[in-house]
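Visitor: Residue numbers (the working numbering): 1302 to 1808. Heads up, the beta-carbon is just placed ideally off N, CA and C, and yes, glycines get one too.
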């Protein structure tokens, strides 16, 4: 095991990493970025992966890292023999994984890729970091904030849990001024709040907090505590959700740098030091001198509607991202103009078709009940396609809260029984359909056909699964693509064929 003093001194790309023995757990996108970075630094790297990726394995051999492919159900002998000074774990590995428990028992330090990236962030130039977490809305808020920063002439990169490893952004040859880092609770679990590896972000936000990933963290408290780390050591602005008391308490409990401000956002009228909405106008009442008596206009809800950005949870994302950008000095006029060019990613309340007065919406990204609730609230009468892997989360309250807006429900996925029982309890008279097919090719065509049979003009057929997708699909994007294909096939290629807009019935 490395002496603590050596690891404590590794806080720069230019520090002496030579010969440091590091075990890297995982060979996905993150694990590969970690191994590539460490070998470039001169460390001795052993990669442990439960499955072999041939392309990455070949590259590991070229760059000089060793690979052990093993189910990792127990500690591999090669790891014990390697006797690492440090373990860097990819985000998906549970804290009780045998390798991580072995490291803890032997007092071998465990880092995540985020800590490593922070320590070596000065390879080109040390960019400021803006941190985004929350149960839902992380990716949209990250993209919005990066868009606003870039529109102001800054070289900004969205990275982290959004799909681009932070280490890849740190090593970009041209460098960045700001990194907008989306952080999952898995990544935050390994982030220290003090010491040489602690992050010191310019601004940070936890958008919301609801039950999710309880199977990974072991409890809601564990999940909450991981999310709360996002605010530690913030320099300028801790942005929180006024409608979510848990995020306010996180800010109140955080140890931040002197001068950092708490900035609230919400759909209600903002107070001084807040962002909010006044008579359909998104306002900044935080970053101006006369915030006691005035506010700055960012945009109007009417402007956002044609761009698909007027759903309440998207407006919240815009307000949060605006607060982060304003903390970095972006003028409100720049934010307003940038919103004119912004488009949501695929599978986020995406309109697939409007035909016969029925709107078909793909919100496959709604992978937990909290996200599905936000989606349901955005529309009037809904035929709801729901289900998948619930990840240990109870969807009973979600069903109970929204049966009043449902025309019917179509249940898919491995955890159908729990959802069917919830609908039976709370809406015994609701038309309820189960897709029994396990064949990936058949699931969405059957779900779409069942929804089409009961939907009426003015309804929205909403794919908002409230569950993960890996039981029947590759990922949420695969699930959304298959939904879109099934709708398009059923409609014979028809798209927007009428002038009525069911979006006007949004609640």
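For residue 1317 and residue 1346, I'd like the C-alpha separation in whole angstroms.
Guide: 15 Å
Visitor: If residue 1748 and residue 1711 are in contact, beta carbons under 8 Å, what's the gap, nearest whole angstrom?
Guide: The beta carbons of residue 1748 and residue 1711 sit about 5 Å from each other, so the pair counts as a contact at 8 Å.
Visitor: Name the DSSP bridge partner or partners of residue 1575?
Guide: 1565
Visitor: Taking only the alpha-carbon atoms, compute the straight-line gap between residue 1540 and residue 1632 and give it to the nearest angstrom.
Guide: 17 Å
Visitor: Using only alpha-carbon positions, find the residue among 1638, 1648 and 1688 that is nearest to residue 1700.
Guide: 1688
Visitor: Note down, in chain order, each residue of its chain lying with its Cβ closer than 6 Å to the Cβ of residue 1422, except the 5 sequence neighbours on either side.
Guide: 1471
Visitor: DSSP three-state label for residue 1663, please.
Guide: strand
Visitor: What are the start and end residues of each continuous beta strand (DSSP E) run of 3 or more residues lying completely inside the segment 1530-1555, in chain order?
Guide: 1538-1542
Visitor: In chain order, what residues of the same chain lie with their CB nearer than 6 Å to the CB of residue 1563, ignoring the 5 residues before and after it?
Guide: 1539 and 1552
Visitor: Cα separation between residue 1479 and residue 1362?
Guide: 33 Å
Visitor: Taking all protein chains shown into account, do 16 or more other C-beta atoms lie within 10 angstroms of the C-beta of residue 1586, making it buried, or fewer, making it exposed?
Guide: Label assigned to residue 1586: buried.
Visitor: Which residues share a DSSP beta bridge with residue 1585?
Guide: 1576 and 1597
Visitor: Would residue 1766 be called buried (16 or more neighbouring beta carbons within 10 Å of its own) or exposed?
Guide: buried
Visitor: Ignore the nearest five residues each way along the sequence and tell me which others in residue 1476's own chain have a CB closer than 6 Å to its CB.
Guide: 1425 and 1426
Visitor: Secondary structure at residue 1716, three-state DSSP: helix, strand or coil?
Guide: coil
Visitor: How about the segment 1728-1735 and the segment 1646-1660: do they share at least three Cβ pairs that are nearer than 8 Å?
Guide: no
Visitor: Under 6 Å Cβ to Cβ from residue 1597, same chain only, skipping five residues before and after it: list those, please.
Guide: 1585, 1589 and 1633
Visitor: Report the partner residues of residue 1370 according to the DSSP bridge assignment.
Guide: In the DSSP assignment, the residues bridged to residue 1370 are 1350.
Visitor: Would residue 1310 and residue 1493 qualify as a contact pair, given that the criterion is a beta-carbon distance under 9 Å?
Guide: no
Visitor: In chain order, what residues of the same chain have a beta carbon less than 8 Å from the beta carbon of residue 1369, not counting five sequence neighbours either side?
Guide: Result list for residue 1369: 1347, 1348, 1349, 1350, 1377, 1379 and 1380, in chain order.
Visitor: Could you pull out every residue in the same chain whose Cβ sits closer than 6 Å to the Cβ of residue 1547, ignoring the five residues on either side in sequence?
Guide: 1510
Visitor: Is DSSP giving residue 1686 helix, strand or coil here?
Guide: strand
Visitor: Apart from the five residues just before and just after residue 1433, which ones in its own chain have a Cβ nearer than 6 Å to its Cβ?
Guide: 1439, 1442, 1443, 1483 and 1506
Visitor: Is the segment 1449-1456 touching the segment 1322-1342 in the sense that three or more CB pairs, one from each, lie closer than 8 Å?
Guide: no
Visitor: Short check: CB of residue 1694 to CB of residue 1761, under 9 Å?
Guide: No, they are not a contact pair.
Visitor: Just tell me which of 1324, 1416, 1676 and 1617 has its CA closest to the CA of residue 1501.
Guide: Among 1324, 1416, 1676 and 1617, the Cα nearest to that of residue 1501 belongs to 1416.
Visitor: Here's the rule I'm using: 16 or more other beta-carbon atoms within 10 Å means buried, otherwise exposed. How should residue 1402 be labelled?
Guide: That one is exposed.
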